[in-house]
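Below you'll find the structure, written out as structure tokens, and then a few comments.
Chains as they are written, first to last, in my numbering: chain X, 1 to 318; chain F, 1001 to 1318.
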């Protein structure tokens, strides 16, 4: 695979980032991704600070016991009420790579810089990409409409977004949204991205901490199995289960933000992804779930990605 | 550029199709596209049979006068009330390449075959791709959510859709939606497409029959300037002008299909695209309008596409 500024920035073999997904990206998934040449991220989005620290410690212990010396990072959603505490935990634990999503990276930039932390913000429009660059981010993740989970409001797809962000920025761009296959990695690089962030494909691995029932739904999904809903609150892409269809129908009837909030209730992500309530939970996955047909080890996933990538690039060389 | 089954199927130099857009793709645009190595399509969607025949004749006269011998085709939306008459016109005029959109290609397949016509249907899901293959189509156009104008109901993006359709079919796949730049052509080929169909970039050319005011809006558009609306009728991607925002607001308030139909009224496409009513008309363009910054000749557009493509492919070779 090509070498880019993203390889250098994080000192990684492959310019592939495993997304820090809620209820999914614990120390097992992150360590396996890093061990196999990618950048693994622990997803703090579903962790209280104590649990977050525990995952960091467990990953380090695993690396120590197995003589592994690879970089890894964490993802922190900036809209969390206890965001200061999560960032403090990362700094105390001497984490050197932080991916942030939602919220404003500028508020926290100085803390990251003072502690020698490389930080990358997830954006879904050129405007927010420019703001992230101005805030001092080392890179951005440009995430398209097809991505699973929380999503931008402008509905710009990865194919449209990435080249426009690449043209607007000096810092490197990591493409995300819809990438589950090595052909799509090659496509992202063709668009000018210097790395890719992969969620759904890594969620359907043995090492992901999400429930088997949730992983099974990723396998079942076809090309048209997801929808973007909750658009009046915080848009989220979900598998079209009972809850997601209820949410869509409420939207089509003109439900207000307040009514959508009431319908959503609490802890639906945990219910769906972690506890495996496939009817009432939120099953966050991207449109690329249609390309995922087997739960595999991270090692086998990475090996598939490399093989598919090579074969795709060969087509373009002829 | 790579040579694929699409080059052979249509006997064209470049596997690039100029989309048959309403009020835009007349004989001037189609002849210029074909003259420059692409496949030009006359868009019958906004033409009565008589006018359609006139455009075919004018294109042929232009070719004859200039000693040009290149293939061209036509696009026929199958939901038109006078579809039989349009198809009869194409057959009478000995058209040998027909792209169809909306509706069911199976109904007309025998007529196409009996007259030695290669026919290609535009689809937006794996299910419809398979139906088109079964109907005997020679290829499909897999068009993603980012595309301008009329759009599928499943909201699958080009990056997600193309590899899934490629995996499902034997016949070649042409990628469409969001492609305005040579980097995106390289990306489409990386995904397994064997051709690309380009709309918006060709709409902002000197040769397009659309109004200058409409072309100017394509130039003005940024990454987030379009929305998909009219979802309860027939989803359409529009520049966010006064009318499009009214339509969106009506949708957010839960307007019924009947109410949306009344709001839409009649002839908004003609008003917006052809007459240049930038407030009250429908300004159909894709998300890739953010990448289009100048009205150019078709010749210059094709030359840009080739240069951008080469430079993109070079990145992947290192």
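Note that CB positions come from ideal geometry on N, CA and C, so glycine has one too.
Bridge-paired residues (DSSP) for residue i
i: residue 77/X; result: 101/X
i: residue 226/X; result: 239/X
i: residue 205/X; result: 296/X
i: residue 122/X; result: 141/X
i: residue 173/X; result: 140/X
i: residue 254/X; result: Beta-bridge pairing links residue 254/X to no other residue.
i: residue 284/X; result: 238/X
i: residue 1149/F; result: 1237/F
i: residue 1072/F; result: 1040/F
Beta-carbon neighbours of residue i, restricted to chain F and to distances below 7 Å
i: residue 161/X; result: 1223
i: residue 125/X; result: 1223 and 1224
i: residue 291/X; result: 1163 and 1164
Backbone CA spacing between residue i and residue j [nearest angstrom]
i: residue 1173/F; j: residue 107/X; result: 47 Å
i: residue 140/X; j: residue 1004/F; result: 35 Å
i: residue 1185/F; j: residue 96/X; result: 37 Å
i: residue 1197/F; j: residue 277/X; result: 42 Å
i: residue 1149/F; j: residue 1317/F; result: 35 Å
i: residue 183/X; j: residue 1085/F; result: 42 Å
i: residue 121/X; j: residue 254/X; result: 33 Å
i: residue 1133/F; j: residue 1169/F; result: 7 Å
i: residue 60/X; j: residue 1011/F; result: 60 Å
i: residue 31/X; j: residue 63/X; result: 8 Å
i: residue 56/X; j: residue 117/X; result: 16 Å
i: residue 246/X; j: residue 1105/F; result: 34 Å
i: residue 1130/F; j: residue 1008/F; result: 22 Å
i: residue 242/X; j: residue 145/X; result: 22 Å
i: residue 157/X; j: residue 252/X; result: 22 Å
i: residue 1083/F; j: residue 1092/F; result: 14 Å
i: residue 1079/F; j: residue 1152/F; result: 14 Å
i: residue 1287/F; j: residue 1135/F; result: 31 Å
i: residue 268/X; j: residue 1070/F; result: 58 Å
i: residue 1165/F; j: residue 164/X; result: 26 Å
i: residue 244/X; j: residue 1128/F; result: 24 Å
i: residue 1291/F; j: residue 68/X; result: 44 Å
i: residue 1066/F; j: residue 1081/F; result: 36 Å
i: residue 1266/F; j: residue 1274/F; result: 14 Å
Under 7 Å by beta carbon: chain X residues contacting residue i
i: residue 1156/F; result: 223, 224 and 287
i: residue 1146/F; result: 157, 159 and 160
i: residue 1189/F; result: 315 and 316
i: residue 1281/F; result: Neighbours of residue 1281/F on chain X: none; closest Cβ ~22 Å, over 7 Å.
i: residue 1101/F; result: Neighbours of residue 1101/F on chain X: none; closest Cβ ~18 Å, over 7 Å.
i: residue 1186/F; result: 190 and 316
Interface partners of residue i on chain F, CB under 8 Å
i: residue 254/X; result: 1252, 1253, 1254 and 1255
i: residue 198/X; result: Here the premise fails: no neighbours, minimum Cβ distance about 13 Å.
i: residue 273/X; result: Neighbours of residue 273/X on chain F: none; closest Cβ ~21 Å, over 8 Å.
i: residue 174/X; result: Those do not exist, as residue 174/X stays about 15 Å from chain F at its closest Cβ, beyond 8 Å.
i: residue 312/X; result: 1190, 1191 and 1192
Residue interval of the alpha helix (DSSP H) (run including residue i)
i: residue 1065/F; result: 1049-1065
i: residue 1164/F; result: 1158-1168
i: residue 185/X; result: 182-190
i: residue 107/X; result: 106-114
The beta strand (DSSP E) enclosing residue i, as first and last residue numbers
i: residue 1324/F; result: Within the shown structure, residues of chain F are numbered from 1001 to 1318, placing residue 1324/F beyond reach of any answer.
i: residue 1041/F; result: 1040-1043
i: residue 1030/F; result: Note, residue 1030/F: premise wrong, no beta strand (DSSP E); alpha helix (DSSP H) at 1027-1035.
i: residue 1084/F; result: Counting along the chain, residue 1084/F falls outside any beta strand (DSSP E), though it belongs to the alpha helix (DSSP H) covering 1083-1092.
i: residue 1195/F; result: 1195-1198
i: residue 1006/F; result: Where residue 1006/F is concerned, there is no enclosing beta strand (DSSP E), although the alpha helix (DSSP H) it sits in stretches over 1005-1010.
i: residue 1016/F; result: 1016-1018
Within chain X, the residues that residue i reaches when beta carbons sit closer than 9 Å
i: residue 1183/F; result: 162, 163, 166, 190, 191 and 192
i: residue 1195/F; result: Ordered by position in chain X, no residue passes the 9 Å Cβ test against residue 1195/F, which lies about 13 Å from the chain.
Near the ligand SAH: residue i beta-carbon under 6 Å from a heavy atom
i: residue 85/X; result: Of the ligands one can find in the structure shown there are none, so the ligand SAH has no counterpart to examine.
Interface partners of residue i on chain F, CB under 9 Å
i: residue 132/X; result: Going along chain F, no residue has its Cβ under 9 Å from residue 132/X, so there is no contact; the nearest lies around 15 Å.
Residue-chain proximity (residue i, chain C), Cβ-Cβ < 7 Å
i: residue 1178/F; result: In the structure shown, chain C cannot be found, because the protein chains are X and F.
Okay, do the region 1044-1062 of chain F and the region 1220-1230 of chain F touch, 3+ Cβ pairs below 8 Å being the bar?
no
Decide if the region 68-76 of chain X is in contact with the region 32-44 of chain X; the criterion is three or more beta carbon pairs, one per stretch, under 8 Å apart.
Contact between the region 68-76 of chain X and the region 32-44 of chain X is present, because at least three Cβ pairs lie under 8 Å.
Are there three or more Cβ pairs, one per stretch, closer than 8 Å when the region 308-317 of chain X is compared with the region 281-299 of chain X?
Taking 8 Å as the limit for Cβ pairs, the verdict is that the region 281-299 of chain X does not touch the region 308-317 of chain X.
Three or more beta-carbon pairs under 8 Å between the region 271-290 of chain X and the region 202-221 of chain X, yes or no?
yes
Within the chosen definition, does the region 192-210 of chain X reach the region 14-25 of chain X through at least 3 CB pairs nearer than 8 Å?
yes
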